[in-house]
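If you read the sequences in order, they're chains G and E. Here the first sequence is numbered in the numbering used here, starting from 1 and rising by one per residue. Here the second sequence is numbered in the numbering used here, starting from 181 and rising by one per residue. All C-beta atoms, glycine included, are put in the ideal place defined by N, C-alpha and C. Report on the following structure.
Number of protein chains: 2
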Amino acid sequence: MSRPPLAKEKIIDAYVSMLCEEGERAATMEATAARAGVSKGGLLYHFASKELLAQGAIDGLLRTHEEDLQHMGSAPEGPASYFVRTSTVIGGELDRYFLAVLRLAQGGHEPSVKALEDVQEGWLNLIQLEVKDKYAAEAIMLIGEGLYYQTSMPGSWSTGTFGKDLDHLLKQVERLKNGN
Amino acid sequence: MSRPPLAKEKIIDAYVSMLCEEGERAATMEATAARAGVSKGGLLYHFASKELLAQGAIDGLLRTHEEDLQHMGSAPEGPASYFVRTSTVIGGELDRYFLAVLRLAQGGHEPSVKALEDVQEGWLNLIQLEVKDKYAAEAIMLIGEGLYYQTSMPGSWSTGTFGKDLDHLLKQVERLKNGN
DNA sequence: GTCTATAAGTCGATAGAC
DNA sequence: GTCTATCGACTTATAGAC
């Protein structure tokens with residue numbers, strides 16, 4: 001896990017951080033290089049184009065997403081509650097990659113849109129294993145996505161209206177889980 | 181309502197359309213001028229900076245949002261269902277302004293983030309008049325925002341997974357509205 | 001009011017020294 | 001591997017003709 005040259009990881013980390021904290025427009029190759037502590041030419045040795053840099057962020061998302069599905073599938077509270085609960089907690093490795101790729105997707109980057117669709121499908125499949133009512137499962141998915149919509153607002157890292165009411169929100173999820 | 185010079189409206193309309201259809205990055209002043217049928221210099225006579233152009237889009241959002249609150253408050257189905265239902269219907273004047281300002285906000289534009297917070301607060305207040313349970317109202321808001329999260333994906337204009345299941349989704353909203 | 005021309009700066013990417 | 005230097009394209013904004 002720590003074999004590849006250190007510089008590559010530092011660059012991806014800097015790129016993802018800039019996407020999360022300052023948006024896609026600010027995440028230029030020059031700014032990324034400066035934050036990673038290398039020169040622009042040094043960055044381009046490891047990532048020959050901006051497209052390859054974006055692909056690096058997508059790879060990180062898919063890798064951490066697979067790990068997350070393991071945790072979600074074996075969570076004592078069940079996949080649905082696990083999903084909604086972790087939708088509000090920003091700061092983990094998966095969240096950082098997710099938000100970074102979300103920013104790329106919202107900027108029109110097609111491979112990022114595709115990656116997010118795959119991630120979303122993985123979540124929905126697990127939730128539907130627990131919540132048999134298809135439309136209740138979809139409503140729960142939308143609540144989680146609504147929370148991501150909020151955290152995707154620049155400057156509002158985990159300061160959303162709903163973060164502090166998480167326990168009450170999970171009760172609403174319980175009501176959706178238990179059919180009429 | 182139709183007093184101000186026609187060119188200004190054409191320019192705002194072109195700017196909003198480009199934000200919606202091709203994203204923030206493509207909505208340059210040059211491209212906006214071309215789409216509005218004026219030259220770059222002609223555009224800058226009406227909007228002296230890109231910031232003022234963005235403010236024009238925000239003004240359009242706040243104006244149409246006030247009109248929407250009237251409809252939402254007097255909707256026979258109630259504000260909550262009206263809100264979720266109209267979250268999936270893209271194409272109206274408000275939706276265009278909302279999506280345009282959302283793109284600006286996601287690009288890090290602070291005045292747009294502030295405007296969206298105000299719009300969101302207006303919606304939540306109306307929903308809470310109907311749905312007394314505060315947390316049920318918040319869950320309904322999140323479902324609507326989850327739908328907006330999907331429509332905010334470039335290239336997926338109203339082709340989301342949930343658009344065709346709207347009737348079933350509204351039944352889930354009904355369950356949240358009627359307390360336990 | 002609307003245009004052309006251009007200034008001034010930034011972006012991604014290349015070339016070549018060390 | 002990492003750097004400096006620089007190119008060509010693009011973006012916002014200004015100046016001034018009509």
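At a cut-off of 8 Å between beta carbons, E:LEU242 makes no contact with chain G.
Measuring C-alpha to C-alpha distances from E:LYS314 to each of G:THR86, G:ALA48, G:VAL173, G:LEU169 identifies G:LEU169 as the nearest. Interface annotation, E:ASP298: not in contact with chain G, CB-CB separation never under 8 Å. Pairing E:LEU309 with E:SER254, the inter-Cα distance amounts to about 12 Å.
Scanning its chain for C-beta atoms nearer than 7 Å, with the 5 sequence neighbours on each side dropped, one finds around E:TYR277 the residues VAL196, ALA237, GLY240, LEU241, THR244, in chain order. Listed along the chain, the chain G residues whose CB falls inside 7 Å of the CB of E:ALA234 amount to none; the nearest CB is some 13 Å away. Counting C-beta atoms within 10 angstroms of its own C-beta, E:HIS289 has 16 or more neighbours from the protein chains shown and is therefore classed as buried. E:LYS190 carries a helical assignment under DSSP once its states are collapsed to helix, strand and coil. By the beta-carbon neighbour count (other beta carbons within 10 angstroms, threshold 16), G:TYR45 is exposed. By the Cβ criterion, the region 30-47 of chain G is not in contact with the region 87-103 of chain G, since fewer than three pairs of Cβ atoms, one from each stretch, lie closer than 8 Å. Residue-level contact check: G:LEU169 touches chain E, since one or more beta carbons of chain E fall below 8 Å from its beta carbon.
With a threshold of 16 other beta carbon atoms within 10 Å, E:SER292 meets it and is buried. Put simply, the backbone Cα of E:ARG205 is about 44 Å away from that of G:GLY179. Just measuring C-alpha positions, the residue of E:ASP275, E:PRO334, E:CYS200 sitting nearest G:ALA105 is E:PRO334. The beta-carbon distance between G:GLN172 and E:ALA319, rounded to whole angstroms, is 4 Å. This is short enough to meet the 8 Å contact definition. In this structure, DSSP gives E:ASN358 a state outside helix and strand, which the three-state scheme calls coil. Within chain G, GLY23, GLU24, LEU102, ARG103, GLN106, GLY107, SER152, MET153, PRO154 have C-beta atoms less than 9 Å from the C-beta of E:GLN286, given in sequence order.
Secondary structure note for E:THR208: it is in no alpha helix (DSSP H), with a DSSP letter that is neither H nor E. Look at G:VAL89 here: in three-state DSSP terms it is coil, with no helix or strand label.
None of the residues of the region 30-47 of chain G has a beta carbon lying less than 9 Å from any beta carbon of chain E.
DSSP, read as helix, strand or coil, puts E:SER219 in coil. Under a 10 Å Cβ-count criterion, E:SER229 is classified as exposed, with fewer than 16 other Cβ atoms of the shown protein chains found around its own Cβ.
Its chain contains GLY302 as the residues whose beta carbon lies nearer than 6 Å to that of E:LEU249, once the 5 sequence neighbours on both sides are disregarded; these appear in chain order. In this structure, G:ALA27 places its C-beta atom within 8 Å of the C-beta atom of G:MET18. Contact with chain G is absent for E:ILE191, since none of that chain's Cβ atoms lies less than 8 Å from the residue's Cβ. At a beta-carbon threshold of 7 Å, the residues of chain G lying near E:ALA316 are GLN172, ordered along the chain. The residue from G:ILE11, G:LYS40, G:LEU147 with its alpha-carbon nearest to that of G:THR86 is G:LEU147.
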